[in-house]
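Undergrad: After the structure tokens below, expect a handful of questions from me.
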Amino acid sequence: MSVSAACMAAAGLSLSFLPQELLQLTGSPSGLPLVLLAQACGALLLAFAMLNWMARANLIGGIYSRPVAVANFLHFGVVATALAKATLALGGPALWAVTAVYVGFAAAFGTVIFTHPLKSGRG
7 MSVSAACMAA
17 AGLSLSFLPQ
27 ELLQLTGSPS
37 GLPLVLLAQA
47 CGALLLAFAM
57 LNWMARANLI
67 GGIYSRPVAV
77 ANFLHFGVVA
87 TALAKATLAL
97 GGPALWAVTA
107 VYVGFAAAFG
117 TVIFTHPLKS
127 GRG
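Residue 7 is where the sequence shown starts when you use the working numbering, and the numbers rise one by one after that.
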């Protein structure tokens, strides 16, 4: 949870405060509609980062935190699928790296959802 929160916070802050620069870096046009969309995506990532940070100490996957796990799995799974499709079409080491991160988080949250949560042996 902490690692996903940190990754999402970094991406969210970057998209929120550097949307034009990131769009230019990717070769996309940096018109107002795309800048606003990038900032909205940044806000969504920051919100998810805060959710994951606040829930990091909870037993994720149990009945109380299951919505957190499902939401993360859905986010990472859908974006991983879209990134995989784009990566196969466009390639590039940066896109492969981002895709690998998203696939890893999707697999991790999928494991959390579809396996029984275990408490630590502390007590």
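Ideal placement from N, C-alpha and C gives every residue a C-beta, glycine not left out. The structure displayed is predicted, hence computed values, not measured ones.
Helix or strand or just coil, what does DSSP make of Ala53?
TA: Three-state DSSP puts Ala53 in a helix.
Undergrad: Taking His81 as the reference, give the member of Gly68, Leu101, Leu50 with the closest Cα.
TA: Looking at the Cα atoms, Leu50 is the closest of the given residues.
Undergrad: Measure the CB-CB distance between Ser10 and Asn58 and report whether it falls below 7 Å.
TA: Yes.
Undergrad: State the Cα-Cα distance for the pair Ser71 and Ala61, rounded to the nearest angstrom.
TA: So the two alpha carbons sit approximately 8 Å from each other.
Undergrad: May I ask you to verify whether the region 77-92 touches the region 106-116, counting CB pairs closer than 8 Å and requiring at least 3?
TA: Touching, yes, given that three or more Cβ pairs across the two stretches are closer than 8 Å.
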